[in-house]
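Quick notes on the structure that follows.
Protein chains in written order, with our numbering: chain H, -19 to 326; chain A, -19 to 326.
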């Protein structure tokens, strides 16, 4: 009965921070080790949530561990992130979160008030997002075997009728919508750690994107091809994954992508591209061209959607590539994130 | 719209190992902090899995983080435990695991071969238990911020028709069935750490109990009142929770409870009660008396069920208490686990 154990291609001798950063190394770990062993030999494109069937009902499910450091930062905290991150993974998979279960790995010696603050943040985020928390588990490890607390959330959701998210459906001419400015979350975390000698008025964009996704879906109907929340690895990594999965080219219009001055400044200081910086309250959507205007209007009318913008389009060439073009001069290829310049941002 | 933030009763200033041990401290943390803030003010009895409804379909869901140390031990490993633990939590909730999602928190510097071995162990356990792995997430933390790896699994399952697990349904006269010998897992972990100057031929009992639970359910039908897998805190903690939740007394027959000599010896050396030691491949069931014989026969016929035994019964008095009686002389009250004599056993 037992199937022969599959071989794996992953050849790196040990796990490095970059394997958790959401970029190229993460993708190698997933595609060359986890997927062949755990998901079968021919996994489809790896989305933010899986669809499973229970008693004939299709549901979406997603799971994430949160290890962000510091635990609290301007605009959010690990508990709030753990709820919204999971609500958002479901939303961009075309599902409305219905229930979340949660586990805590706590470091012995953690102050109760620190834990309580995060549990309250989770309760509030869940209430705001309209999702109930249905159960959980707690483990405690010795002092020095964790960094205060790690939280894992798993969300199950109801599929929004009529929405089929699939890279294969993406066609030349489709438009790319981005919900707002990029890089706020990653740079906020960096500044909150005090590692840069820089102070700035900036806060994480962490929020539930479900209301915006619902507006978009209502306006675009079956014109929604693909969605993703560009967290670890940023917009560039999400769109490179799409370009690879759909085998087409993604053209971005540089001037259309909103990057706050603080984010741009910090990125220049560090030699980073804002397109690689994590977001926690934004999403990307690929929409059939004829729905683009209606979608933008709908997003602009929805609270939190005023900054939604058309940032690019899909073309047949250059296949598998993300190209950023500037009105005045030139274009550049933007690859997936390589390495891990900003560890533990979620 | 916002409901006022509830007050909590939990007054301990910091988190200790005992809060993760599954006994009294864990219960206080859940009942006095997590439940009032996250689950609403009047949670029901806390089972191993929650039931949620998606599009009118009831499904069971359970989540657990695994932090066992060492990662590998005679009879099993963290990866295998992470699958079977979740399959078992669903099984004793009357559900058959359909899909599992998994997250890894990895310590930078972890050897790939160590990770690969656990991923293979998960794949094998999932295949053996007939459950598919549907997705996951990986985070990496700096060296010294985790203990090699922590795994979180979340399982969703289909409810086995006709099975209603509920402490409220437990009546005086009901019989208590235990699937096999107790304490093997906890003592195996203890010996694997080399903390006791003791060598013994013993291995963890870790396995999927689903085939046994299905045999039991088939034999008992609507005579199944309650099930639980006595992991952290052992048989005594599971049955004390039941005694409290159903408001009745649990009488155990000391001679009927199978404890291997190695386990008994290690427990005597450490001043521990085998009834407090964790199991990973056993379950307890409360059955209407008229089905007890049929259930035992069915279990004995099922592979792995040869040691199933009737260990006690439910009485109206002493309400809320677990009493162990010996044929020759006396009886003793056995409480829930207090403290954490064997940390990180799962």
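Beta carbons: idealized from backbone N, C-alpha and C, even for Gly. Keep in mind the model is a prediction, meaning the values are calculated, not measured.
### Query
Of all the beta strand (DSSP E) runs that stay within the bounds of the stretch 124 to 174 of chain H, which reach a length of 3 or more residues?
Here the runs fully enclosed are 129 to 139 and 155 to 158.
**OP:** Would you list the residues sitting across from residue 117 of chain A in a DSSP beta bridge?
**Re:** For residue 117 of chain A, the beta-bridge partners assigned by DSSP are A:83.
* For the beta strand (DSSP E) holding residue 102 of chain H, just list the boundary residues, first then last. => Here residue 102 of chain H belongs to no beta strand (DSSP E); instead the alpha helix (DSSP H) covers 92 to 109.
message = Tell me the DSSP secondary structure of residue 339 of chain A in three-state form.
response = Residue 339 of chain A lies beyond the range of chain A shown here (-19 to 326); nothing can be said about it.
Could you tell me which residues DSSP puts in a beta bridge with residue 44 of chain H?
Residue 44 of chain H pairs with H:133.
Check: Which full runs of the alpha helix (DSSP H) of 4+ residues lie inside the stretch 211 to 298 of chain H, going along the chain?
Finding: DSSP runs (the alpha helix (DSSP H)) wholly in the stretch 211 to 298 of chain H: 214 to 226, 241 to 250 and 272 to 281.
Minimum C-alpha distance to residue 243 of chain H - residue among H:237, H:236, H:234 and H:254: Closest by alpha carbon: H:254.
| Just to confirm, are residue 70 of chain A and residue 142 of chain A a CB contact at a threshold of 9 angstroms? | Cβ distance not < 9 angstroms, so residue 70 of chain A and residue 142 of chain A don't count as in contact.
Proximal residues of chain A, C-beta to C-beta of residue 173 of chain H below 9 angstroms
Chain A residues near residue 173 of chain H: none, gap ~13 angstroms exceeds 9 angstroms.
So what does DSSP say about residue 33 of chain H, is it helix, strand or coil?
For residue 33 of chain H, the secondary structure class from DSSP, reduced to helix, strand or coil, is strand.
- Task: Please check if any C-beta of chain A sits within less than 9 angstroms of the C-beta of residue 13 of chain H.
- Result: For residue 13 of chain H, the answer is yes, since a Cβ of chain A falls inside 9 angstroms of its Cβ.
### Query
Among residues of its own chain, excluding the 5 on either side of residue 53 of chain A, which ones have a beta-carbon nearer than 7 angstroms to its beta-carbon?
168, 169, 172 and 184, listed in sequence order.
Query - residue 308 of chain H at chain A interface by Cβ criterion, 9 angstroms - result: Contact with chain A is absent for residue 308 of chain H, since none of that chain's Cβ atoms lies less than 9 angstroms from the residue's Cβ.
- request: Run down chain A in chain order and give the residues with a C-beta less than 7 angstroms from the C-beta of residue 121 of chain H.
  value: Neighbours of residue 121 of chain H in chain A, taken as residues whose beta carbon is under 7 angstroms from its own, are 47, 127 and 324 in chain order.
- Query: Span of the beta strand (DSSP E) holding residue 311 of chain A?
  - Reply: Element bounds for residue 311 of chain A: 311 to 313.
- Message: Restricting to Cα atoms, I'd like to know which of H:-14, H:-1, H:-6 and H:180 is closest to residue 213 of chain H.
- Response: Distances from the CA of residue 213 of chain H to each of H:-14, H:-1, H:-6 and H:180 were compared; the closest alpha carbon is that of H:-1.
### Identified DSSP bridge partners for residue 53 of chain A
According to DSSP, residue 53 of chain A shares a beta bridge with A:56.
- What does DSSP give as the partner residues of residue 302 of chain A in its beta bridges? For residue 302 of chain A, which the question treats as bridged, DSSP gives the partners A:230.
Check your understanding: Should residue 311 of chain H be labelled buried (16 or more other beta-carbon atoms within 10 Å of its own) or exposed?
Key -> Under this definition residue 311 of chain H is an exposed residue.
Say whether chain H places a C-beta atom closer than 9 angstroms to the C-beta of residue 68 of chain A. No, residue 68 of chain A does not count as interfacial toward chain H.
>> I'd like to confirm the pairing. Which residues does DSSP put opposite residue 39 of chain A in its beta bridges?
In response: For residue 39 of chain A, the pairing in a beta bridge is given by DSSP as A:32 and A:138.
Measure the C-alpha to C-alpha separation of residue 139 of chain H and residue 224 of chain A and round it to an integer number of angstroms.
-> Between the alpha carbons of residue 139 of chain H and residue 224 of chain A lies a gap of roughly 39 angstroms.
* Are any of the Cβ atoms in chain A nearer than 9 angstroms to that of residue 8 of chain H? -> Answer no: the Cβ-Cβ gap between residue 8 of chain H and chain A never drops below 9 angstroms.
- Using the beta-carbon count (16 or more within 10 Å), is residue 165 of chain H buried or exposed? Around the C-beta of residue 165 of chain H, 16 or more other C-beta atoms lie within 10 Å, and the residue is accordingly described as buried.
Margin query: What are the residues in the stretch 125 to 156 of chain H lying within 9 angstroms of chain A by C-beta distance?
Written below: The residues in question are 125, 126, 127, 129, 130, 132, 133, 134, 136, 137, 138 and 139.
Quiz item: Relative to the alpha-carbon of residue 20 of chain A, which residue among H:179, H:111 and H:39 has its alpha-carbon at the smallest distance?
Solution: Of all alpha-carbon atoms in H:179, H:111 and H:39, the one lying nearest the alpha-carbon of residue 20 of chain A is that of H:111.
- Task: Pull up the distance between the alpha-carbon of residue -13 of chain A and that of residue 33 of chain A, whole angstroms please.
- Result: Each residue's alpha carbon lies about 29 angstroms from the other.
Which listed residue (H:30, H:118, H:104 and H:161) has its alpha carbon closest to that of residue 289 of chain H
With distances taken between Cα atoms, residue 289 of chain H lies closest to H:161.
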